[in-house]
Structures are given as structure tokens and as C-alpha cells.
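**Student:** Numbering (this note's numbering), first residue to last: -14 to 363.
In this text, a Cβ means the ideal position worked out from N, Cα and C, and glycines have one as well.
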């Protein structure tokens, strides 16, 4: 019995969590109890679970559900550019597992839909700062918000798509857009001394909104390492200029990661990632466990992208110390969920530090990235 358990660990723990999530699937391909973008993130975590566990257990069901979503919403595109790109990320991860070119075609369609909403150089200047590279939150004609998450998603998506094309012009253009967008974040929404990404700017009023959610920095990590990877693949000769660009983006990703795992308003003293200020919102009128809120899954996106960084560092033999820190961090989250946040039946509550509370689609969603991440660091 013990040997059998060890041979299937951690799959025997992680797959039941996915099965529970799938148990809430609807006829339209979405998951009951959560929103459009949250469903996309759940499917992304499941695709990564299959990729990082080197299995294809869930790809058939993901293909079926995504097909139903696309039947109802063409190319998974809605008015919110970040929502559309969350679906693009999920489909890109699913493509990497299945190599089904249909998924890549939809990803490219989403990118083509979003690119007109990237601000061009010189188009908008606020307080003498060029907003070039920032991406509008929605495709609505009166949209004034340019935020870090939408821009970071566009940057990562552009960089990763650049590695999927053989056409040199398209590859260079995609990479140029990726860098332009990431540079908007570094120029306009980045606190360099704290290695922290802030939320958004209103381009009509010039007002800044400085919430420091985990997923903003997490997505900036993902975009930075995607650029690092794409520049390296694009310059097979290994020129000194490309090496300098790669090093700059990698250095920033590593610094953001190190500080993220030790930021006291995100991580409890014992090392558990909680981001309590975002969910349940400390002070005032905190949310109950049964109340869904976008913020319940913010920390999961940070964890996902720490793992993306870890895999790049491991592949390239870089910074063993940071690799070890990420491994320990991921393992801590996994065991915290097992010890303090589950009923033992593959169901998880929203509080990663415990106590176990009501199980909902949104609490299950947040746990899925932990289930994927543990496979990557085993």
C-alpha cells in the first residue's frame, strides 16, 4: 500500500483536485460559480498540470470544454482584453501539450484582436512620460484604463508567439511588441527599489492607482522570462547585445521573484502565500469564504509564474540558490494545503494557511496552480 502510494505521489493528490473542479462543468464549457476569466485560469492550471506531470490525463476533457466555449464565444474574445488573453494563455499551454494547431490559431486570433489597443510611441504622453506599449483594459471606445495585468499578458503572449513562427519579420515584430509593452510596465508601473509592479493608470486624468496585487508582479515575471527566452531563441549567434537584453530581463524577473516570496503583506511568517489584503481583504468588511472575488486567484498566478522562472533557471543552469528557494516555496504551499486547507477528498477551501472552510469553485480554482506547481519541482 505504502509503495503504491509513493509511486503515484503527488498525482494521487493533484488529480482528484482537478476532478472536483471538472465536476462543476456546464454545457457551455464553463465552470459553474466562477467568472469567464477564472474559468480560463482554471483550464490553464490544468494544462500546466498535464505538461509538468508529463501526462495527458486531462487534455481530452480540456479540448472538449474549450470547443464548447468557442462555440458560444468566437475565439474566446470578449470586451475585456485581459479576459481574452487569459484564454489565450490557457490555449497556448494546451497547444504546448497537444500540439493541436487549432489552439494556436485561436491564440493568434486573440493577439490580433488585442494589438490595436496597444498604445503607439508618441500617441499618449502623461506628465512627460510616453505611454507607449501600455495596453488598454478593454476594447470599448471610451476605455481610459491602462493596467499592468493586461499589458503584462500582452507582453508574454507576444514573446511566446514569436517563438512559434518561422517568418523572421513576424518574429521580430512580435518580440518588439513584447519588449515595448514590458518596458511600459518598467517605466510607468514599477517600483524599482521594491521590485514591485503597481496596478494601473487612467490615461484621461493621469491618475495612478497603486494597488500592489500579487498577480501584477507575477505576470511581469512571466513576461520578463518570456522575453529572455525569445531573445535567446531569436539570436542563435549569441550576440553581445542580445545577451545584455536577456540578462536585464532575467535579472529583473529573479529580483521580483525573490522579493515576492518574502513580502510580508503577501506571505505569512511561516512562509504561506496568503495575500490577505486582497482576499479576504483585511479590515473594514472582509469577504466570507463563500464569496467569490477576482482576488482569490491572484496569488495562484504568482505561484504559476514563479514556477515558469524556476524551469528556465533549471534549464539554463542559472542561480541554483533561487531555484532551491522556489522549490521550497512551492512545496510549502502544497503541504500547507494538505495539512490545513482540505477535507481530504480533493476539495480545498480559500485559505491556504487554514482553517479549512467551505469548498467553492473559486477556492478550488485557486488550489489548481498549487497542484500543477508541485509536479514542476519534484
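Which residues bound the beta strand (DSSP E) around residue 187?
**Tutor:** As a position in the chain shown, residue 187 is number 202, starting the count at 1. Annotation for residue 187: the continuous beta strand (DSSP E) segment containing it runs 185 to 187.
**Student:** What's the call for residue 330, buried or exposed, on a 16-neighbour Cβ count within 10 Å?
**Tutor:** The residue labelled residue 330 in the question sits at position 345 within the chain shown. It counts as exposed.
**Student:** Would DSSP call residue 343 helix, strand or coil?
**Tutor:** To locate residue 343, count along the chain shown from 1; it is residue 358. In the structure shown, residue 343 sits in coil (DSSP, three-state: anything other than H, G, I, E or B).
**Student:** Specify the secondary structure class of residue 157 as computed by DSSP and reduced to three states.
**Tutor:** Along the chain shown, one-based indexing puts residue 157 at 172. Taken through DSSP and simplified to helix, strand or coil, residue 157 comes out as helix.
**Student:** Identify whether residue 264 lies in helix, strand or coil by the three-state DSSP scheme.
**Tutor:** By one-based count along the chain shown, residue 264 stands at place 279. Residue 264 falls in the coil class under three-state DSSP.
**Student:** Suppose the cutoff is 7 angstroms on Cβ atoms and the five residues either side in sequence are ignored; what does the same chain contact list for residue 375 look like?
**Tutor:** One cannot answer for residue 375 here, as it falls past the ends of the chain, which runs -14 to 363.
**Student:** Mind checking residue 283: buried by the 16 CB within 10 Å criterion, or exposed?
**Tutor:** Here the question's residue 283 lines up with position 298 in the chain shown. Flag for residue 283 reads buried.
**Student:** Would you say residue 240 and residue 180 are within 8 angstroms of each other, going by their C-beta atoms?
**Tutor:** Here residue 240 refers to the residue found at position 255 of the chain shown. Here residue 180 refers to the residue found at position 195 of the chain shown. In contact: residue 240 and residue 180 (Cβ atoms closer than 8 angstroms).
**Student:** Can you name, in chain order, every residue of its own chain whose Cβ lies under 6 angstroms from the Cβ of residue 174, other than the five neighbours on each side?
**Tutor:** Within the chain shown, residue 174 is the residue found at index 189, counting from 1. Correct list, in chain order: 133, 182 and 183.
**Student:** Around the Cβ of residue -14, are there at least 16 other Cβ atoms within 10 angstroms (buried) or fewer (exposed)?
**Tutor:** Position 1 of the chain shown, counted from the first residue, corresponds to residue -14. Unreliable positioning characterises residue -14 in this predicted model, as indicated by a pLDDT of 46, which lies under 50. A coordinate reading is not provided.
**Student:** Three or more C-beta pairs closer than 8 angstroms, one from the segment 204 to 216 and one from the segment 121 to 138: is that the case here?
**Tutor:** Judged by Cβ distances under 8 angstroms, the segment 204 to 216 makes contact with the segment 121 to 138, as three or more pairs qualify.
**Student:** Looking only at its own chain, which residues have a Cβ that is under 7 angstroms from the Cβ of residue 139, when we skip the five neighbours before and after it?
**Tutor:** Working through the chain shown from its first residue, we reach residue 139 at position 154. Answer for residue 139: 70, 99, 103, 120 and 166, listed in chain order.
**Student:** Look at the Cβ atom of residue 277, then the Cβ atom of residue 19, and state whether they are nearer than 8 angstroms.
**Tutor:** Translated into positions along the chain shown, residue 277 becomes position 292. Translated into positions along the chain shown, residue 19 becomes position 34. It is a contact, given that the beta carbons lie within the stated cut-off.
**Student:** Report the CB separation of residue -1 from residue 359 in whole angstroms; it is logged as a contact under 8 angstroms.
**Tutor:** Looking up residue -1 in the chain shown gives position 14. Looking up residue 359 in the chain shown gives position 374. Rounded, the Cβ-Cβ distance is 7 angstroms, consistent with contact.
**Student:** Along the chain, which unbroken stretches of the alpha helix (DSSP H) at least 4 residues long are found entirely within the segment 37 to 98?
**Tutor:** Entirely contained in the segment 37 to 98, the alpha helix (DSSP H) runs reaching 4 residues are, in chain order, 44 to 57 and 66 to 83.
**Student:** Flag residue 161 as yes when its Cβ comes closer than 7 angstroms to any non-hydrogen atom of the ligand FMN, and as no otherwise.
**Tutor:** Because no ligand of any kind appears in the structure shown, any question about the ligand FMN cannot be addressed here.
**Student:** Are the beta-carbon atoms belonging to residue 129 and residue 66 less than 8 angstroms from one another?
**Tutor:** As a position in the chain shown, residue 129 is number 144, starting the count at 1. As a position in the chain shown, residue 66 is number 81, starting the count at 1. Cβ atoms of residue 129 and residue 66: not closer than 8 angstroms.
**Student:** Does the distance from the CB of residue 274 to the CB of residue 334 come in under 8 angstroms?
**Tutor:** To locate residue 274, count along the chain shown from 1; it is residue 289. To locate residue 334, count along the chain shown from 1; it is residue 349. Going by C-beta atoms, residue 274 is nearer than 8 angstroms to residue 334.
**Student:** Which of helix, strand or coil does DSSP assign to residue 134?
**Tutor:** Working through the chain shown from its first residue, we reach residue 134 at position 149. Helix, per DSSP.
**Student:** Have a look at residue 57 and residue 12 and give me their C-alpha separation to the nearest angstrom.
**Tutor:** The sequence position of residue 57 within the chain shown is 72, counting from 1. The sequence position of residue 12 within the chain shown is 27, counting from 1. Distance between the alpha carbons of residue 57 and residue 12 is about 10 angstroms.
**Student:** Assuming residue 109 contacts residue 188 (C-beta within less than 8 angstroms), just tell me the rounded distance between them.
**Tutor:** Here residue 109 refers to the residue found at position 124 when the chain shown is read from its first residue. Here residue 188 refers to the residue found at position 203 when the chain shown is read from its first residue. Indeed they touch by this definition, with Cβ atoms about 5 angstroms apart.
**Student:** Beta-carbon within less than 8 angstroms of residue 83's beta-carbon, same chain only, minus the 5 sequence neighbours each way: which residues are those?
**Tutor:** Translated into the one-based positions of the chain shown, residue 83 becomes position 98. So the list reads 41, 44 and 48, once near-sequence residues are dropped.
**Student:** Kindly list the residues whose CB is nearer than 8 angstroms to the CB of residue 105, restricted to its own chain and excluding five residues on each side of it in sequence; keep chain order.
**Tutor:** Within the chain shown, residue 105 is the residue found at index 120, counting from 1. Same-chain partners within the cutoff: 117.
**Student:** If you measure between the beta carbons of residue 146 and residue 219, is that distance less than 8 angstroms?
**Tutor:** Numbered from its first residue, the chain shown carries residue 146 at position 161. Numbered from its first residue, the chain shown carries residue 219 at position 234. The answer is no: Cβ separation not under 8 angstroms.
**Student:** So, residue 242 versus residue 288, is the Cβ gap smaller than 8 angstroms?
**Tutor:** Sequence index remark: in the chain shown, residue 242 carries index 257 (1-based). Sequence index remark: in the chain shown, residue 288 carries index 303 (1-based). No, Cβ-Cβ distance for residue 242 and residue 288 is not below 8 angstroms.
**Student:** Report the residue ranges of all beta strand (DSSP E) runs contained in full by the segment 231 to 310; include only those spanning at least 3 residues, in chain order.
**Tutor:** For the segment 231 to 310, not a single whole beta strand (DSSP E) run of length 3 or above is found.
**Student:** Count the other C-beta atoms from every protein chain shown that fall within 10 angstroms of the C-beta of residue 153, then say buried if there are 16 or more, exposed otherwise.
**Tutor:** Residue numbering aside, residue 153 sits at position 168 when the chain shown is read from its first letter. Residue 153 is exposed by the Cβ-count criterion.
**Student:** Report the residue from 76, 77, 209 and 170 whose alpha carbon sits nearest the alpha carbon of residue 297.
**Tutor:** Walking along the chain shown from the start, residue 297 turns up at place 312. Answer by Cα proximity: 209.
**Student:** Terminal residues of the continuous alpha helix (DSSP H) containing residue 0?
**Tutor:** The residue labelled residue 0 in the question sits at position 15 within the chain shown. Residues -4 to 7.
**Student:** Given residue 75, which residues of its chain have a CB within under 8 angstroms of its CB, disregarding the five upstream and five downstream residues?
**Tutor:** If you number the chain shown from 1, residue 75 lands on position 90. For residue 75, where only same-chain residues beyond five positions count, the Cβ hits under 8 angstroms are 25, 26, 28, 29, 32 and 51.
**Student:** Once DSSP output is grouped into helix, strand and coil, what is the label at residue 120?
**Tutor:** Position 135 of the chain shown, counting from 1, holds the residue named residue 120. Strand at residue 120.
**Student:** Tell whether a beta-carbon distance below 8 angstroms holds between residue 326 and residue 337.
**Tutor:** Counting from one through the chain shown, the residue named residue 326 turns up at place 341. Counting from one through the chain shown, the residue named residue 337 turns up at place 352. It is a contact, given that the beta carbons lie within the stated cut-off.
**Student:** Apply the 10 Å Cβ neighbour rule to residue 349 and answer buried if 16 or more other Cβ atoms are within range, or exposed otherwise.
**Tutor:** Translated into the one-based positions of the chain shown, residue 349 becomes position 364. Buried, because 16 or more other Cβ atoms sit within 10 Å of the Cβ of residue 349.
**Student:** Assuming residue 247 contacts residue 262 (C-beta within less than 8 angstroms), just tell me the rounded distance between them.
**Tutor:** Taking the first residue of the chain shown as 1, we reach residue 247 at position 262. Taking the first residue of the chain shown as 1, we reach residue 262 at position 277. Actually they are not in contact, since the Cβ atoms of residue 247 and residue 262 sit about 16 angstroms apart, beyond 8 angstroms.
**Student:** Kindly indicate which three-state DSSP category residue 354 falls into: helix, strand or coil?
**Tutor:** Here residue 354 is taken as the residue at index 369 of the chain shown, counted from 1. Helix.
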